[in-house]
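**Student:** Take a look at the following structure, please.
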Amino acid sequence: MESHAHPNRLGIRGWVGGGRWGFERYLYTLHRITGLGLLTYFLLHIFVTSARVFGKGAWETAMSAVSGPAFKAGEYLVFAAFAFHAVNGVRLALIELGFAVGRPIEPIYPYATSVGRQRPLAIAVMLIAGVLAVWGGYNFFFMD
Amino acid sequence: MPDTRMKQVVFHLRRYEPGKDREPHWEQYKIDSPPGMTVLDGLWKVKELFAPTLAWRSSCRMGICGSCGMLINGRPRLACNTQISELQSDVVAVGPLPNFGIIKDLVPDLHPMFEAHRELMPYLIREDLQEQDSPTGEYWQTPHELERYLQFSYCIKCGCCMAACPTMATDPQYSGPMPLGQAHRYNSDTRDGGFAKRRELLEGGRGPWRCHFAGECSQVCPKGVDPAKAIQMMKQDLVFDLLKLRVRKPAARLVDKPCGKRREDIPAAPPRTVTG
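Chains H and S are the protein sequences, given in the same order. First residue of the first sequence: 0, per numbering that gives the first Met the number 0; consecutive thereafter. First residue of the second sequence: 0, per numbering that gives the first Met the number 0; consecutive thereafter.
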């Protein structure tokens with residue numbers, strides 16, 4: 000049966016509308032944004048490096064077009080997105096296989112949820128992502 | 000010492016009259032709020048004093064029936080279970096549960112949720128259809144086996160989890176936390192033999208693989224049902240089943256009926272004292 004009610008689906012606002020949501024919801028949103036960002040980078044990377052098939056001149060033109068401080072900062076953002084997406088992906092893989100969420104319990108107020116149960120894992124994962132991002136930043140900007 | 004002071008609060012209510020309004024809009028009503036007043040009490044007061052056409056669903060007033068799920072100050076909650084004082088604000092913004100259509104004012108169209116729930120067969124499935132349609136007795140189940148699904152059986156179908164889920168916000172195909180949680184409730188019941196039938200329905204876009212553990216459904220659940228946990232455990236079952244690691248047992252058998260022999264040492268019942 001088709002609904003004739005006025006539509007009220009939140010859309011993208013449901014991902015980003017924040018302020019009253021939990022930590023894991025922001026990880027969910029960030030995971031999607033970084034995933035889309037990495038996909039965009041991957042497509043651009045294929046496009047730029049495919050210039051090599053048109054000869055050395057085309058390759059050098061393409062490389063000079065994507066050099067400079069702005070692109071370096073952009074590459075660092077790609078690395079930071081990768082660091083987050085990778086370690087958070089491990090957390091999600093563990094959780095989605097039923098680990099780290101606990102077993103069913105008697106719900107007694109105040110309720111303990113699987114979200115709280117996996118929170119230490121989420122924090123640990125964010126710390127690892129943070130360390131990787133800092134290490135990557137040092138490597139990008141100070142070790143050349 | 001409890002706060003006994005009356006205070007004034009402003010209700011911001013999302014109003015929508017089908018056939019009259021093109022879009023929902025906000026209206027404001029100022030009322031006195033004594034300590035202990037719930038959001039539902041406040042709605043009744045607004046209806047009584049200012050807005051007689053205001054519509055919402057409610058019934059039990061004690062967090063049992065699941066009728067009064069609403070978006071209260073940005074979070075899906077039961078209006079009867081939420082005291083105005085706990086919001087710690089003089090403004091109470093109430094809208095219909097998002098991710099559902101609006102029938103009128105604060106009344107969401109829960110039909111898609113119940114349709115998805117029905118499709119996932121939320122009942123005990125037995126191989127013997129005769130036994131399924133007309134059960135002849137009780138089935139064996141240990142307390143330990145009961146614990147595997149008891150938490151999920153407390154669901155009151157209020158729809159708060161569906162309104163909080165960010166995947167529901169963008170994906171109309173996704174079944175949502177309530178129907179999936181209830182499918183797992185039956186999959187993990189040892190009296191049920193319907194895992195294979197439900198597994199076919201759980202593949203693809205409407206199944207649990209759209210869930211990526213934002214965890215909001217469990218955070219807002221007014222009964223502590225934890226649908227996010229149920230969905231992750233359902234995924235574990237599906238993966239283990241694919242890898243042939245899931246322990247498959249036949250559905251629990253019937254408890255043996257009494258043998259029909261009466262013990263001889265049981266005294267006869269006393270004579271009736273009431274006639275007719």
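Quick reminder that beta carbons are idealized off the backbone N, C-alpha and C, glycines included.
Determine, using beta carbons only, whether HIS84 (chain H) comes closer than 8 Å to chain S.
**Tutor:** Cβ-Cβ to chain S under 8 Å: no for HIS84 (chain H).
**Student:** Quick one, which of S:MET161, S:PRO249, S:SER57, S:ALA195 has its alpha-carbon nearest ALA227 (chain S)'s?
**Tutor:** Out of S:MET161, S:PRO249, S:SER57, S:ALA195, S:MET161 has the C-alpha closest to the C-alpha of ALA227 (chain S).
**Student:** Kindly indicate the opening and closing residues of the alpha helix (DSSP H) around PRO142 (chain S).
**Tutor:** 142–149 is the span of the alpha helix (DSSP H), which, as asked, contains PRO142 (chain S).
**Student:** Among the candidates H:VAL133, H:GLU74, H:ARG31, whose CA atom is the shortest distance from the CA of HIS44 (chain H)?
**Tutor:** Residue H:GLU74 is the option with its Cα nearest to HIS44 (chain H).
**Student:** Which chain H residues are close to GLN232 (chain S), counting only those with a beta carbon under 7 Å from its beta carbon?
**Tutor:** The displayed chain sequence assigns Met, not Gln, to residue 232 (chain S). Correct list: GLY97.
**Student:** What does a CB cutoff of less than 7 Å around GLU47 (chain S) pick up in its chain, not counting 5 residues either side in sequence?
**Tutor:** Contacts found: none.
**Student:** Buried or exposed, going by whether 16 or more other CB atoms sit within 10 Å of the CB of TYR108 (chain H)?
**Tutor:** Answer is exposed; the Cβ neighbour count stays below 16.
**Student:** Per DSSP, what are the beta-bridge partners of TRP43 (chain S) in this structure?
**Tutor:** The partner list for TRP43 (chain S) (beta bridge, DSSP) is empty, contrary to what the question assumes.
**Student:** Spell out a yes or no on whether the region 116–130 of chain H and the region 54–63 of chain S are touching, meaning 3 or more CB-CB pairs, one atom from each, closer than 8 Å.
**Tutor:** With the cut-off at 8 Å, the region 116–130 of chain H and the region 54–63 of chain S do not touch.
**Student:** Checking the sheet assignment: what are the DSSP bridge partners for VAL9 (chain S)?
**Tutor:** For VAL9 (chain S), which the question treats as bridged, DSSP gives the partners S:LYS29, S:VAL90.
**Student:** Does the distance from the C-beta atom of ARG13 (chain S) to that of PRO95 (chain S) stay below 8 Å?
**Tutor:** It is a contact, given that the beta carbons lie within the stated cut-off.
**Student:** Suppose contacts are defined by Cβ-Cβ distances below 8 Å. Is GLY192 (chain S) in contact with ALA229 (chain S) by that definition?
**Tutor:** Not in contact: GLY192 (chain S) and ALA229 (chain S) (Cβ atoms no closer than 8 Å).
**Student:** Let me know the alpha helix (DSSP H) ranges lying completely inside the region 152–231 of chain S, each 4 residues or longer, listed in chain order.
**Tutor:** Listed in chain order, the complete alpha helix (DSSP H) runs (minimum 4 residues) inside the region 152–231 of chain S are 159–163, 165–169, 176–186, 194–201, 215–219.
**Student:** Quick one: list the residues of chain H neighbouring ALA227 (chain S), beta-carbon separation under 8 Å, in chain order.
**Tutor:** Going along chain H in sequence order, the residues near ALA227 (chain S) (Cβ under 8 Å) are VAL100, THR112, SER113, VAL114.
**Student:** Quick check on DSSP: helix, strand or coil for LYS55 (chain H)?
**Tutor:** DSSP places LYS55 (chain H) in helix when its eight states are reduced to three.
**Student:** Use the C-beta contact count for TYR185 (chain S): other C-beta atoms within 10 angstroms, 16 or more gives buried, fewer gives exposed.
**Tutor:** Classification of TYR185 (chain S): buried, given that the 10 Å Cβ count is 16 or more.
**Student:** Using alpha carbons as the reference points, say which of H:LYS55, H:SER66, H:LEU93 lies closest to LEU120 (chain H).
**Tutor:** The option with the nearest alpha carbon to LEU120 (chain H) is H:LEU93.
**Student:** So, at 6 Å on beta carbons, what are the nonlocal neighbours of MET0 (chain H) in its own chain, with the 5 sequence-adjacent residues on each side left out?
**Tutor:** Below a pLDDT of 50, predicted positions are generally treated as unreliable, and MET0 (chain H), at 49, falls in that range; the measurement from the model is reported next regardless. Hits under 6 Å: none found.
**Student:** Below 6 Å CB to CB, which residues in the same chain sit around LEU105 (chain S) once its five sequence neighbours on both sides are set aside?
**Tutor:** Answer for LEU105 (chain S): TRP55, MET69, PRO95, listed in chain order.
**Student:** With 8 Å as the threshold, decide whether the Cβ of ASN186 (chain S) is near any Cβ in chain H.
**Tutor:** Not closer than 8 Å to any Cβ of chain H, the Cβ of ASN186 (chain S) fails to qualify, so no.
**Student:** Please determine, among S:GLY18, S:ARG4, S:ARG21, S:ARG76, the residue with the shortest C-alpha to C-alpha distance to PRO33 (chain S).
**Tutor:** Residue S:ARG4 is the option with its Cα nearest to PRO33 (chain S).
**Student:** Using a Cβ cut-off of 8 Å (strictly closer), state whether ALA80 (chain H) contacts chain S.
**Tutor:** Chain S contact via Cβ: absent.
**Student:** Taking 8 Å as the threshold (C-beta atoms), are MET167 (chain S) and GLY175 (chain S) in contact?
**Tutor:** Closer than 8 Å, so yes.
**Student:** Considering LYS71 (chain H), what are the terminal residues of the beta strand (DSSP E) in which it resides?
**Tutor:** That residue, LYS71 (chain H), is in no beta strand (DSSP E); its alpha helix (DSSP H) goes 68–95.
**Student:** Of the residues that make up the region 198–226 of chain S, which ones have a beta carbon closer than 7 Å to any beta carbon in chain H?
**Tutor:** Result list: HIS211, PHE212, ALA213, GLY214, GLU215, SER217, GLN218, LYS222, GLY223, VAL224, ASP225.
**Student:** Nearest chain H C-beta to PRO171 (chain S) closer than 8 Å, yes or no?
**Tutor:** At least one chain H Cβ lies under 8 Å of PRO171 (chain S).
**Student:** Verify the CB distance criterion: does HIS195 (chain H) have a CB-CB separation below 8 Å to chain S?
**Tutor:** The first residue shown for chain H is 0 and the last is 143, placing residue 195 (chain H) beyond what the model contains.
**Student:** Starting from GLY68 (chain S), follow its DSSP beta bridges and name the residues at the other end.
**Tutor:** Its beta-bridge partners are S:LEU77.
**Student:** Does the beta carbon of ASN98 (chain S) come closer than 8 Å to any beta carbon on chain H?
**Tutor:** It does: the Cβ of ASN98 (chain S) has a partner Cβ on chain H nearer than 8 Å.
**Student:** For GLY10 (chain H), tell me which candidate among S:LEU200, S:CYS164, S:PRO207 has the shortest Cα-Cα distance.
**Tutor:** Looking at the Cα atoms, S:CYS164 is the closest of the given residues.
**Student:** Would ILE102 (chain S) pass as an interface residue toward chain H - the criterion being a Cβ-Cβ separation below 8 Å?
**Tutor:** Judged by the 8 Å Cβ criterion, ILE102 (chain S) is in contact with chain H.
**Student:** Measure the Cβ-Cβ separation of LEU253 (chain S) and TYR148 (chain S) and say whether it is below 8 Å.
**Tutor:** No.
**Student:** Which partner residues of VAL106 (chain S) appear in the DSSP bridge assignment?
**Tutor:** Looking at the DSSP assignment, VAL106 (chain S) forms a beta bridge with S:LYS103.
**Student:** In angstroms with no decimal places, state the Cα-to-Cα distance between LEU150 (chain S) and PHE49 (chain S).
**Tutor:** The sequence given here places Gln at residue 150 (chain S); Leu does not occur at that position. GLN150 (chain S) and PHE49 (chain S): Cα-Cα distance of roughly 41 Å.
**Student:** From what residue to what residue does the alpha helix (DSSP H) around TRP14 (chain H) run?
**Tutor:** Where TRP14 (chain H) is concerned, the enclosing alpha helix (DSSP H) stretches over 12–15.
**Student:** To the nearest angstrom, how far is it from the Cα of ALA69 (chain H) to the Cα of LEU37 (chain H)?
**Tutor:** So the alpha carbons of these two residues sit roughly 17 Å apart.
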